[in-house]
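Reading through the structure tokens given below for one structure.
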Amino acid sequence: ICSVAPELQDLCTLEEFKWARMCVCSRNFGLQIDGHRTSAMVPHADMLNHYRPRETKWTFDEERQAFTITTLQSIPAGAQVYDSYGQKCNHRFLLNYGFAVEDNRELDGFCPNEVPIELCVARNDPLYDRKLEFWVRGEGNALAAAMAAVAARQAPQSVVSAVEAAVRNRAHTTDSAPVKRVRVCVSNNENTRLLFSLLRALACNEEELAALTSALSDGTGNRLLFGMSDQRTLQPPTSAFYRSCRDIRHPISLRNEKTAMKLLLDVVARALSRYPTSLTQDMTDLMDETEFPRFSNRRHAKVQVRGEKEVLHHFARWARMALEVMDIMERELHNELGVEVQIGGRVSDQPEKPSFEYVARRMEQDDNLHHTVVRYCADVLGSLRREEIKKIRRQKASPPKSDTFNL
């Protein structure tokens, strides 16, 4: 720190700086005063403990020129008055405030706990160079422009922070391939969609990668390249169709989606293997309040790590369920082609196996399955299945060019 700001050593010691920084980090209130966003330390108000759902709200009262806390419900005399530190991941709670919430769930059941998942292009990928170009597409120019604005002191603090994070991310590499880190929770939110987009990019074969990185001059795009829904004449690609690997928000093909889900399983397994204990062991440990006393640092750390593992297990189950559903889809598509399926060394048309519709209905009736997994399998994979069936029927209706059908 002193190498960046030499004048700091004339103001305080490193220990004093860390103490002050942690006080601000854990106790400041974000306020708007006279139309300007700022932060403030508010003695006594910062002593309120956290509780969700919130029982109070706070703000800066312009008329009173004072910080106020207002109750949102009746609070009995003598009862503790709580503040809400917000809907946050236990990682944030532990880092900023020094505790973790044992059951960190909202009233609707949503759990904001997150885990970082890291992805990069494998060095042994036969398409490494082409995938790497797509992997970093759109990052360099935007980052350079932002860095120039920061250097010219023309950027707000939010942009400065974003640029600093981007620079750190670019420096964080594995075998020279930039690593992308996505923080995901048990939800189908923007970060989950980004994770799936990155997985699809990594799972591309040569044909899929060419289609993703090229556009048609008439704008029909990727769906036409893969024979989906449109039978207009193909035109030569003229410009990038997907701006970056962050934009692949729908399945490309059955083959690609299966490969992406297998990759997700591998990524989750590697992440889980880095922990010294399993989720089962963590749950057992937390039942022992002698070894892990309530409100102790040791217990809070265990609770936070348990939350990360729960998210990883959720995505592992998501991937396994998706692969099972896609196996059924693949069998049905082969049946549509009139081709027998070889499974486990024997040839069978598998007439006794359940259909996609049957499995989707059973999943929707299963209260133990998270709704994100159900909706992905029923809706996203259901849409992919319909497109693949249309593709096969168009291929069968058109003059035969070969005996090969690509699923």
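In the numbering used here, the protein residues as written are -11 to 395.
For each residue, glycine too, the CB sits at the ideal point set by N, CA and C.
Review point. Relative to the C-alpha of residue 234, which residue among 110, 126, 291 is closest?
Key: Residue 126 is the option with its Cα nearest to residue 234.
Check your understanding: residue 194 to residue 295, Cα distance in whole Å?
Key -> Looking at the two C-alpha atoms, the distance is approximately 38 Å.
Review point. Is residue 82 helix, strand or coil by DSSP?
Key: In this structure, residue 82 counts as helix in the three-state DSSP scheme.
Review point. How many Å lie between residue 202 and residue 123 at the Cα?
Key: About 14 Å.
Check your understanding: Alpha carbon to alpha carbon, how far is residue 247 from residue 373?
Key -> Roughly 16 Å separates the two Cα atoms.
Review point. How many angstroms separate the CA atom of residue 357 from the CA atom of residue 306?
Key: Looking at the backbone, the Cα of residue 357 and that of residue 306 are separated by about 9 Å.
Review point. Can you name, in chain order, every residue of its own chain whose Cβ lies under 8 Å from the Cβ of residue 110, other than the five neighbours on each side?
Key: So the list reads 116, 165, 190, once near-sequence residues are dropped.
Check your understanding: What are the boundary residues of the beta strand (DSSP E) that residue 48 is part of?
Key -> Note, residue 48: beta strand (DSSP E), 44 to 49.
Exercise for review: Kindly indicate which three-state DSSP category residue 20 falls into: helix, strand or coil?
Suggested key: Taken through DSSP and simplified to helix, strand or coil, residue 20 comes out as strand.
Practice item. Could you check what DSSP says for residue 168 in three-state terms: helix, strand or coil? Key: The answer is strand: DSSP assigns residue 168 an E or B state.
Review point. Applying the criterion that 16 or more other CB atoms from any shown protein chain within 10 Å of the CB defines a buried residue, is residue 249 buried or exposed?
Key: So residue 249 counts as buried.
Review point. When DSSP builds the beta bridges, which residues end up paired with residue 358?
Key: Looking at the DSSP assignment, residue 358 forms no beta bridge with any residue, so it has no partner.
Review point. With 16 other CB atoms within 10 Å as the buried threshold, where does residue 291 fall?
Key: It counts as buried.
**Study point:** Cβ distance (whole Å) where residue 19 is taken to contact residue 48 below 8 Å
**Key:** With 8 Å as the limit, residue 19 and residue 48 qualify as a contact, their Cβ atoms being about 5 Å apart.
Exercise for review: Apply the 10 Å Cβ neighbour rule to residue 29 and answer buried if 16 or more other Cβ atoms are within range, or exposed otherwise.
Suggested key: Exposed, because fewer than 16 other Cβ atoms sit within 10 Å of the Cβ of residue 29.
Exercise for review: Have a look at residue 236 and residue 108 and give me their C-alpha separation to the nearest angstrom.
Suggested key: If you take the alpha carbons of residue 236 and residue 108, they lie about 16 Å apart.
Practice item. May I ask you to report which of helix, strand or coil DSSP gives residue 71? Key: Strand.
Review point. For the candidate residues 36, 385, 14, whose alpha-carbon lies nearest to that of residue 400?
Key: It is not possible to answer for residue 400, since the shown part of the chain is limited to -11 through 395.
**Study point:** residue 88 in three-state terms, based on DSSP
**Key:** Note: residue 88 maps to coil in three-state DSSP.
Check your understanding: From this set, 381, 80, 42, which residue's C-alpha is nearest residue 58's C-alpha?
Key -> Comparing Cα positions, the closest option is 42.
Point to revise | Own chain partners of residue 251 with C-beta closer than 7 Å, once the 5 adjacent residues on each side are dropped | key: Within the same chain, residue 251 has close Cβ partners 187, 190, 191.
Review point. Would residue 275 be called buried (16 or more neighbouring beta carbons within 10 Å of its own) or exposed?
Key: Exposed is the call here.
Point to revise | Completely contained alpha helix (DSSP H) runs for the stretch 250 to 277, where each covers 4 or more residues | key: Restricted to the stretch 250 to 277, the alpha helix (DSSP H) segments that are unbroken, complete and at least 4 residues in length are 267 to 274, listed in chain order.
Check your understanding: residue 57 lies in the beta strand (DSSP E); which residues open and close that run?
Key -> Its beta strand (DSSP E) spans residues 54 to 59.
Exercise for review: Note down, in chain order, each residue of its chain lying with its Cβ closer than 7 Å to the Cβ of residue 161, except the 5 sequence neighbours on either side.
Suggested key: Confidence at residue 161 is low in this model, with a pLDDT of 44, below 50, so the placement of that residue should be treated as unreliable; the coordinate-derived value is given next. Around residue 161: 167.
Practice item. For residue 25, write down the residues that DSSP places opposite it in a beta bridge. Key: According to DSSP, residue 25 bridges with 20.
Review point. Between the stretch 263 to 282 and the stretch 69 to 83, do three or more beta carbon pairs fall short of 8 Å?
Key: No, the stretch 263 to 282 is not in contact with the stretch 69 to 83.
Review point. In chain order, what residues of the same chain lie with their CB nearer than 6 Å to the CB of residue 300, ignoring the 5 residues before and after it?
Key: Result list for residue 300: 103, 256, 259, 260, in chain order.
Point to revise | Spatially closest choice to residue 283 from 352, 90, 118, by CA coordinates | key: The shortest C-alpha separation from residue 283 is found at 90.
Review point. When burial is assigned at 16 or more other CB atoms within 10 Å of the CB, is residue 12 buried or exposed?
Key: Looking at its Cβ environment, which holds fewer than 16 other Cβ atoms inside 10 Å, residue 12 is exposed.
Review point. What is the DSSP secondary structure of residue 107, reduced to helix, strand or coil?
Key: Under the three-state reduction of DSSP output, residue 107 falls in the strand class.
Review point. Do you know how far the Cα of residue 365 is from the Cα of residue 313?
Key: When rounded, the distance between both Cα atoms is 7 Å.
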